[in-house]
Structure formats: C-alpha cells, structure tokens
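The structure appears right after this line, and notes come after that.
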C-alpha cells in the first residue's frame, strides 16, 4: 500500500527575509504517517523543514516551502506513483504576496484611478530597486493574490485514489463546521473531510469530525485517535473497491 | 559576567492561523551564546520556539513570538538584571499587521476618500465577524504599521551596557552596507554593529563586518569566527571601562 500524505504549513515569500506562514506543527500528519507505516504502508510525505521531524523506514519525506512548490511536488509524485490514498493535511496558504508597497505608493496608485489597482501596485513594486523593503515608512501595504486550490488537483490527477481532505476553522458552531466540510467534500470530490476547530486543539488533545460521502460523521478526540480513525475508514473503503 | 542575547526571528500574527515571519535560524545567536558560555558567562537568551535549540548550564532561554513580546521581555529582564553586554542578533519584524481586508473593501474605503486610509481599513476589518479571513476573494490586502525600534530601547534601559547590534541587508555593495551599519550604530548608541549581507550567508559560511564607534571594521567569515570576534571585542571594551 502506497500513501501520499501532506503535512505542516506552507510559507509564501514577501521578500528575501520575510514570509507569510501558515501555522501547523505537522504533528497530526506525523501521527497519520506513523499509523499507516505501522501497518506496512509506504508513505510519501510532503512536508516542510519547520514541521516536526518524521522518521520511519518506509516514510519518505519530500520538503517544500510554498504552495507553488507543493503543486509541483504533488504533480511529480502523482505522475510517478499510484497512491491508494492521498491524505492532504497540510495547511496551505490561500494567498501569495503579489506586491508590497508603501502607503504613499498606494495613494499615488489610487490617484491614477487605474482599472486594475493590484496590477498598478505590482508595477510600482517592480520599479523598486531594493530587494528588502525599506522600513522608512509608517505603513506598508501587501497585496496578495489567490493561490490555486491544491486539493482540487488530486482527484483530477488520480480519480481512483481515496482522498482525505482537511478543513480547519476558528471558533465556529459545530453545524457550520460540518456544513463547510460537506461543501469542501463535494467540491473537491473528496472521500472524507476531517473537520476541526482551532479552539479545540490543545497539544495532543484534538477534536476532529470525519465526514464521508454518505454524510456520516465520526468523532475523535486526540491526534492518535484521528490518525487511527482515518486509517480504519480508508482501509474499509479500499476493501470495498 | 551576565550577557543578554536575542536570537531567531519574530513572527507577527495576521489572524489565528497565519503570521508574517522573519527568517532566522538562530544559528549565529547560538554560536555567540555558546562562545560566551564557554568562558563562564551567564546568558539570558531571548529566542523563539522555531529557532535552533540552544543548551548549556549557564544559558537560560526565554521564548517569545512577536516584536511586542520581545519588547516586554527585554524590559522585564533588563529591569531585573544588569548586563555587561546586550547582543541583539534577533531578526525583528519592522512592521506588524494592522488590518486585513479584501480588495473590494479597499475600494469601498477609497471611495469614501478618508483622511486616514489605514484607520478606515482597520474599522472595516474590525467589522468583519469571522476570525479567519475568508478565501472567497481574488485579492487580499494586508496593511501593516511600523513597529517601535527595539534596538533603540537598550541603551535607554541600561546606558552602561555594551550594545552589539546587527544589520542584515540583501545584495548591496559593501560600502552601502557599512554606511547603513554606521548610521544604525550612531542612531542607537551601539558600541558595535555586525553588518552582513544575506547573499554572503550559506550555512556555516557567514561573511560579517564588525564596526565599532571609532569606525574600525573587522571581518569574519564563518558563524564561529563572528561569535569569537564579538566576544573578543566585547571583552576588550569591558576591560577598558
């Protein structure tokens, strides 16, 4: 059995010394990788240098930084190998910096009344010669553009794989969390979504809801329980195929 | 001898899951801490959980995340202890996120022609009810406000301490690097500034110029050499006092 797991959080460069990072320790991904590896599965693990270290004879780490790196790595691995399941637990940045300008630059750009303000700002940014943004301004404005949704690529690349997606929200009612997870499941043709709320994650304690295509919901309360639940459900679905 | 060292890079929250981080492995700070500790100095080390781990019987780590945390911790430690030297190698964020809005929100704010656009955007941001910024927009705009300069606090708090500051630029001519370092030395009443260029840092190889108040410049080529040079110069200045 060969499984692809993504884990940790992406980081998107603002300039040569700054980046926007998505917090994620990679501990849940580590628990999932180790749980599958304990059953003899071979794991390709896409992760970051900032995430916790995962070791195991059958676990092969592949290090990336940005969402663009993740996309390239996914395409590469998924063209080389067939995966019984892809478990996409990485916290992926929805946006990537397009331009960084001073407030004065923003006001100059606005005064021109451009039809495309982000494009105008990107032009101003490109004209700046320093590689590190100067701190001689009271306000800095960073414009970010939307990243492609990585999860939607997975079933396009391998329609037969079992896809487990993740949805992390912050301090929302449980019904909203499940509804958002259901939407993500349908939109991305996922087999399961693990829905969780940041306010219910404290170290090893980790409240998760695993929702499947029949809209059945199973709960787990620790990272280990979540990893075991995902393995059990993926194995059962794999057997039915 | 009691020394205060700052090391690693700060991270400034955008929302509950995203932050702007300053890259810094903390390896140079580690080398400096270990070099002073080898001579029996007691070290208070302000650093981050993301930076490399530093161990030593006389090295006391204090963990922080943001620039505001750093300021609080510096004030606390410097009111409790007298330091022979403060070596401020931490990569501190010049800016911290003030508001995050969609491009549509930015355009709405601009149309009102406010006298204070950042304040108007902060108001719009505060009206948003979700704690995690929605990804249902093509462009996101983050406005950052300038952080106080931490290095300028140090001599205000302890005029008698020996202050070593750091200046990191990216791909600039050596003369510009030294001029910027000299300005920082004067402005912050530092005794030394270690000037370095990101393009000349590769693992343990690390080109640094240490400039003093007499504008003498000494060079070092590795992290270990930089640490030894700083220790030697600080000790010599301490003896002269």
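Protein chains in written order, with the working numbering: chain P, 1 to 241; chain S, 1001 to 1241.
Heads up, the beta-carbon is just placed ideally off N, CA and C, and yes, glycines get one too.
Note that this is a predicted model, so its numbers are computed, not measured.
Chain-order list of residues whose beta-carbon lies under 7 Å from that of residue i (same chain, five-residue window excluded)
i	result
residue 52 of chain P	25, 26, 27, 30
residue 167 of chain P	180, 181, 184, 193, 195
residue 94 of chain P	146, 147
Short CB-CB distance (under 8 Å) between residue i and chain P
i	result
residue 1088 of chain S	no
residue 1206 of chain S	no
residue 1168 of chain S	yes
Chain S residues whose Cβ lies nearer than 7 Å to that of residue i
i	result
residue 145 of chain P	1138, 1139
Residue i: contacting residues in chain S (beta-carbon distance under 8 Å)
i	result
residue 36 of chain P	In chain order: nothing, as chain S lies at least about 26 Å away.
residue 50 of chain P	1050
residue 110 of chain P	1110
residue 201 of chain P	None at all; the shortest Cβ gap to chain S is about 11 Å.
Minimum Cβ-Cβ distance from residue i to chain S less than 8 Å
i	result
residue 91 of chain P	yes
residue 18 of chain P	yes
residue 103 of chain P	yes
residue 198 of chain P	yes
residue 193 of chain P	no
Given residue i as reference, the closest of the options once Cα atoms are compared
i	options	result
residue 4 of chain P	P:14, P:15, P:32	P:32
residue 1054 of chain S	S:1189, S:1090, S:1007	S:1007
residue 92 of chain P	P:231, P:211, P:80, P:146	P:146
residue 216 of chain P	P:207, P:192, P:111, P:232	P:192
residue 238 of chain P	P:86, P:209, P:210, P:167	P:86
residue 1171 of chain S	S:1197, S:1163, S:1240, S:1210	S:1197
residue 38 of chain P	P:71, P:119, P:2	P:2
residue 1236 of chain S	S:1162, S:1108, S:1098	S:1162
residue 1034 of chain S	S:1080, S:1214, S:1228	S:1228
residue 76 of chain P	P:174, P:149, P:153	P:153
residue 139 of chain P	P:66, P:16, P:103	P:103
residue 1214 of chain S	S:1066, S:1233, S:1015, S:1137	S:1233
Neighbour list for residue i in chain P, Cβ cutoff strictly below 8 Å
i	result
residue 1022 of chain S	17, 18
residue 1118 of chain S	103, 139
residue 1014 of chain S	20
Per-residue contacts from residue i into chain P (C-beta, under 7 Å)
i	result
residue 1095 of chain S	140
Beta-carbon neighbours of residue i, restricted to chain S and to distances below 9 Å
i	result
residue 28 of chain P	Within 9 Å Cβ-Cβ: nothing; residue 28 of chain P doesn't reach chain S, min ~14 Å.
6 Å Cβ shell around residue i - same chain, five flanking residues per side excluded
i	result
residue 1088 of chain S	1006, 1151, 1165
residue 1099 of chain S	1121, 1122, 1125, 1143
Neighbourhood of residue i by C-beta, 8 Å cutoff - its chain only, sequence neighbours within 5 removed
i	result
residue 79 of chain P	157
residue 109 of chain P	101, 117, 120, 121, 124
residue 1112 of chain S	1120
C-beta neighbour in chain A for residue i, strict 8 Å
i	result
residue 211 of chain P	Within the model displayed, chain A is absent; protein chains P and S are what it includes.
Closer than 7 Å: residue i CB and nearest the ligand FMN heavy atom
i	result
residue 1035 of chain S	Judged by which ligands are present, the structure shown has none, so any question about the ligand FMN falls away.
| query | So, do the segment 1172-1181 of chain S and the segment 182-198 of chain P have three or more beta carbon pairs nearer to each other than 8 Å? | reply | Contact check between the segment 1172-1181 of chain S and the segment 182-198 of chain P: fewer than three CB pairs, one atom from each, fall below 8 Å, which does not count as touching.
| Per the contact definition of three or more C-beta pairs closer than 8 Å, is the segment 1115-1130 of chain S in contact with the segment 1149-1164 of chain S? | No, because fewer than three Cβ pairs between the segment 1149-1164 of chain S and the segment 1115-1130 of chain S fall closer than 8 Å, the two stretches do not touch.
| message | For the segment 216-224 of chain P against the segment 200-208 of chain P, do three or more pairs of beta-carbon atoms, one drawn from each stretch, fall closer than 8 Å, so that the two count as touching? | response | They touch, by the three-pair rule.
| message | Does the structure place the segment 1040-1049 of chain S close enough to the segment 1057-1070 of chain S that three or more beta carbon pairs sit under 8 Å? | response | Yes, the segment 1057-1070 of chain S touches the segment 1040-1049 of chain S.
| query | With a cut-off of 8 Å, do at least 3 Cβ pairs link the segment 9-25 of chain P to the segment 1014-1021 of chain S? | reply | The segment 9-25 of chain P is in contact with the segment 1014-1021 of chain S.
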